[in-house]
Each structure stands twice: as C-alpha cells, then as structure tokens.
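Inspection log for the structure reproduced underneath, given as structure tokens.
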Amino acid sequence: MNQNLSKSVRAAFTGQFKSQPFVVWAPGRINIIGEHTDYNLGYVLPAAIDMGISLALQRSIDEQCTLVASDLDESYTFQLFQDHPEVHQGWQTYFLGILEELRKAGKKIEPFNLLFSGNIPAGAGLSSSAALENAFIFGLNTLFELGLSPMEMVQISHLAEQSYVGVQCGIMDQYVSMFGRDNHAIFLDCQSLNSELIPLKDNEFEWLLLDTGVKHSLAESAYNQRRLSCESVAEQLGVNSLREVSIDLLHKNQEVIPKNDFQKALYVLQENKRVLLAVEAIKEMDYASLGKLMYESHMGLQHLYEVSCDKLNFLIDLSREQPCVLGARMMGADSEVVP
Numbered sequence: 006m007n008q009n010l011s012k013s014v015r016a017a018f019t020g021q022f023k024s025q026p027f028v029v030w031a032p033g034r035i036n037i038i039g040e041h042t043d044y045n046l047g048y049v050l051p052a053a054i055d056m057g058i059s060l061a062l063q064r065s066i067d068e069q070c071t072l073v074a075s076d077l078d079e080s081y082t083f084q085l086f087q088d089h090p091e092v093h094q095g096w097q098t099y100f101l102g103i104l105e106e107l108r109k110a111g112k113k114i115e116p117f118n119l120l121f122s123g124n125i126p127a128g129a130g131l132s133s134s135a136a137l138e139n140a141f142i143f144g145l146n147t148l149f150e151l152g153l154s155p156m157e158m159v160q161i162s163h164l165a166e167q168s169y170v171g172v173q174c175g176i177m178d179q180y181v182s183m184f185g186r187d188n189h190a191i192f193l194d195c196q197s198l199n200s201e202l203i204p205l206k207d208n209e210f211e212w213l214l215l216d217t218g219v220k221h222s223l224a225e226s227a228y229n230q231r232r233l234s235c236e237s238v239a240e241q242l243g244v245n246s247l248r249e250v251s252i253d254l255l256h257k258n259q260e261v262i263p264k265n266d267f268q269k270a271l272y273v274l275q276e277n278k279r280v281l282l283a284v285e286a287i288k289e290m291d292y293a294s295l296g297k298l299m300y301e302s303h304m305g306l307q308h309l310y311e312v313s314c315d316k317l318n319f320l321i322d323l324s325r326e327q328p329c330v331l332g333a334r335m336m337g338a339d340s341e342v343v344p
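So in the working numbering, spot 329 of the sequence shown is number 334, and the numbers just go up one at a time.
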C-alpha cells in the first residue's frame, strides 16, 4: 500500500465528513506481454505496480451518498438505487456500475460517503479504472459485510465496466489489481481463470516505463471495434472465441475472412504463443529471448492490430539502437499509450 497516499486520503475524508473512514488501496498494473488477448480468452502476463488508487469510505449519517474525486476537485451526490440517466460518462460511472451489479446480486448497501485519490496517470494504460473499481467493491464488501470472495469482486468489477461503462474489456485488469503480489507477474489463462505467480527475479536488468503523454479512453477509442473483429472471425469459424482457433485453421479460411478481421485474429493467435514463450523465458532468466518476444509483440500491434502510433514507433525504433535495451513494446489498449 502507498502509505503517504492513504494517509492523505484519510485526512481529507475526515476533514470533509467529520468521521473516521475505512481506507482501501488497489494497485494499477503493467502488462509484460499479451495485449488484446484477454477478451479473446487467451493468455496474458501482467504485474501489479506500486502506483494505485486509495479510497476512503464510511457510512453516511443521512439518506444520501456523496462521492468525492479529490484529484479533480469534483463531487457527486445521489440516492442509492435511483436511475441516473444524466450520467453517461465520467468517473461516477464506475461507482454507479458496481452499485447496479450489487443490486442485481441482491446485496444490501446502505448510504455511504467516499473520497478517493490516485497516483496512476489517467489514460496511460496502467488500469486506473480497474484499480478504482476494485478499491470500491473491496471497501463496500468490508464495510457492509457482503461476504464476497476476491474472485466474485473481480467479476463484479468486470461486469460493471462492460455493462455500465460500456467497455467490452477482458478480465485481466481487475484480476491483476486484486491478486497481484510484489515482485511477481501473473500468468493468467483468461479462459479458465487459472493463474500462476511468476517471480521476477533480481538481475542486472530493469523494467522501464515510458509515457508518450498522449492519453486515451477505452470508452471513446476503437477498442470495442477491435473486439468485434475478433468475435466476427470466431463466429465465421464456428467457435466461441479465438482461443479455440489454430493458426493453420485461420490460414485455411483466409479467403473467406475480411482482410482487416484476418489480421486482427492472426495477431491474437501469434500473441498467445508469445505469452507462453515469455513465461518460459522469465523462468529461465533468458531476458534476451524475452526482449525479442516484446519486439515481435510490438510489430504485431503496429502492423496487424493497427493500434500503435508515430510516437510509440519512434520510441521502439530508438530503443533498438541502444545496446543496453533487450526489448520494448507498446502497452495499453490503443495507439494513445506507451509505457
């Protein structure tokens, strides 16, 4: 937990609401390799990071709920389980979506107040939304003794982002924010939801995140369109997801699949193989092979999935010229993010 952030959130809540809150911290994440594979029920290799969201909440003394976004100096007041037709986007939707999913599940929530702050750069592909969702539902689960398991909380956060926020995302972000551990990556099978903690052992190399400064919003990007392309190919091939498709089967049907959709599916199948190879490379501390896989991943994202941009490509090309860099790739859902 980021102690300084949590202390400031606790103090801000106490100052505004005159009561002692319950404080939750949830981390953001990086994704070493396995981009756009989670919603295709493939493999991913993310890791929790030391940046996150700190959230304070406590029962309200009246019938209203008040949400405070400290970093934005904004607040939102409402009554539980009433319609919110005026809220179509913005930070409030993440909270309202989770409350709606809890209502559907028959969970009893009472009025509460909440204040949150974070040190994850918004729109930088580090899953600030998943951290916010997880912190909120974990806090509600504790405060109101809802009896939800960690996996149930992950699934509710995931459903809320899909159904209320409108992003047809996979489950990776919420999963790693809930189950991540220090100095470990998580090898996650997004079909079975089986996972393995992969130690990131100390060595002479470091992970470096670079931000182009160009921001994105999944709800406003072509993210959902990419997912539709993948689902269209799976439907044409008579399977539930691309996880059930081999590269040979895809090539055999290339003539009947639109070129754009074929490229998206080919990238996903190749990326799944790269994740499996990357896990073995990390276990064997073969960082040269891992770096090569990362470069291959970026090439697929740039040329097949078409989600890169000039700034990203410049940084990748520049990294290839540095003898101390073993590998690099873009990270995030679309062309507007690089770590």
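Glycine included, every Cβ here is placed at the ideal spot set by N, Cα and C.
The model shown is predicted, which means the values in this text are computed figures rather than measured ones.
Check your understanding: In three-state terms, what does DSSP make of MET56?
Key -> Here MET56 sits in strand by DSSP.
Review point. So what's CYS70 in DSSP terms, helix, strand or just coil?
Key: Strand.
Review point. If you run the structure through DSSP and keep just helix, strand and coil, what is TYR48?
Key: In the structure shown, TYR48 adopts extended strand secondary structure according to DSSP, grouped into three states.
Exercise for review: Express the C-alpha separation of ARG108 and TYR180 in angstroms, rounding to a whole number.
Suggested key: Rounded to the nearest angstrom, the two C-alpha atoms are 22 Å apart.
Review point. According to DSSP, which residues form a beta bridge with TRP30?
Key: Its beta-bridge partners are SER59.
Practice item. Kindly list the residues whose CB is nearer than 6 Å to the CB of ASN229, restricted to its own chain and excluding five residues on each side of it in sequence; keep chain order. Key: The answer, listed in chain order, is GLN173.
**Study point:** Completely contained beta strand (DSSP E) runs for the stretch 180 to 262, where each covers 3 or more residues
**Key:** Contiguous beta strand (DSSP E) elements confined to the stretch 180 to 262 occur at 189 to 194, 200 to 204, taking only those with 3 or more residues.
Point to revise | Whether GLY332 touches LYS297 by CB criterion (9 Å) | key: Result yes, Cβ atoms of GLY332 and LYS297 sit closer than 9 Å.
**Study point:** Inter-residue Cα distance where the pair is LYS316 and ILE161
**Key:** When rounded, the distance between both Cα atoms is 35 Å.
Practice item. Drop a sphere of 10 angstroms on the beta-carbon of PRO155, count the other beta-carbons inside from all chains shown, and report buried for 16 or more, exposed for fewer. Key: It is exposed - the Cβ of PRO155 has fewer than 16 other Cβ atoms within 10 Å.
**Study point:** Sequence-distant residues of its chain with Cβ nearer than 6 Å to ILE321 (five each side left out)
**Key:** For ILE321, where only same-chain residues beyond five positions count, the Cβ hits under 6 Å are HIS303, ALA333.
Review point. Who does ILE35 pair with in a DSSP beta bridge?
Key: DSSP links ILE35 through a beta bridge to ALA52.
Practice item. Give me whichever residues DSSP pairs with ASN118 in a beta bridge. Key: The beta-bridge partner set that DSSP reports for ASN118 consists of GLN63, THR71.
Review point. Given ASP67, which residues of its chain have a CB within under 8 Å of its CB, disregarding the five upstream and five downstream residues?
Key: Within the same chain, and ignoring the five residues on either side of ASP67 in sequence, the residues whose Cβ sits closer than 8 Å to its Cβ are PRO116.
Check your understanding: Are the beta-carbon atoms belonging to ILE4 and TRP30 less than 9 Å from one another?
Key -> Beyond the ends of the chain as shown, which are 6 and 344, falls residue 4; an answer cannot be given.
Practice item. Pull up the DSSP beta-bridge partners for TYR81, would you. Key: Residue pairing by DSSP places TYR81 opposite LEU72 in a beta bridge.
**Study point:** Sub-9 Å separation of LEU85 and ILE114 beta-carbons
**Key:** Going by C-beta atoms, LEU85 is nearer than 9 Å to ILE114.
Point to revise | Under 9 Å between C-beta atoms of GLY123 and LEU137 | key: Judged by beta-carbon spacing, LEU137 lies within the 9 Å limit of GLY123, meaning their Cβ atoms are closer than that value.
Review point. Nearest to GLU236 by alpha carbon, out of ARG325, HIS41, LEU60?
Key: The candidate whose alpha carbon is nearest that of GLU236 is HIS41.
Check your understanding: In terms of residues, what are the limits of the alpha helix (DSSP H) holding ASP345?
Key -> For the chain, the structure presents residues 6 to 344; residue 345 sits outside this window and is missing.
Practice item. Identify, in the order they occur along the chain, each residue of the same chain with its Cβ nearer than 7 Å to the Cβ of ILE262, setting aside the five sequence neighbours on each side. Key: Closer than 7 Å at the Cβ level, and outside the excluded window around ILE262, lie VAL238, GLN241.
Review point. If you draw a straight line from the C-alpha of ARG15 to the C-alpha of ALA74, how long is it?
Key: Those two C-alpha atoms are separated by around 13 Å.
Review point. How long is the line joining the alpha carbons of GLN259 and PHE267, rounded to whole angstroms?
Key: Each residue's alpha carbon lies about 7 Å from the other.
Point to revise | For GLY123: DSSP bridge partner residues | key: For GLY123, which the question treats as bridged, DSSP gives the partners ILE58.
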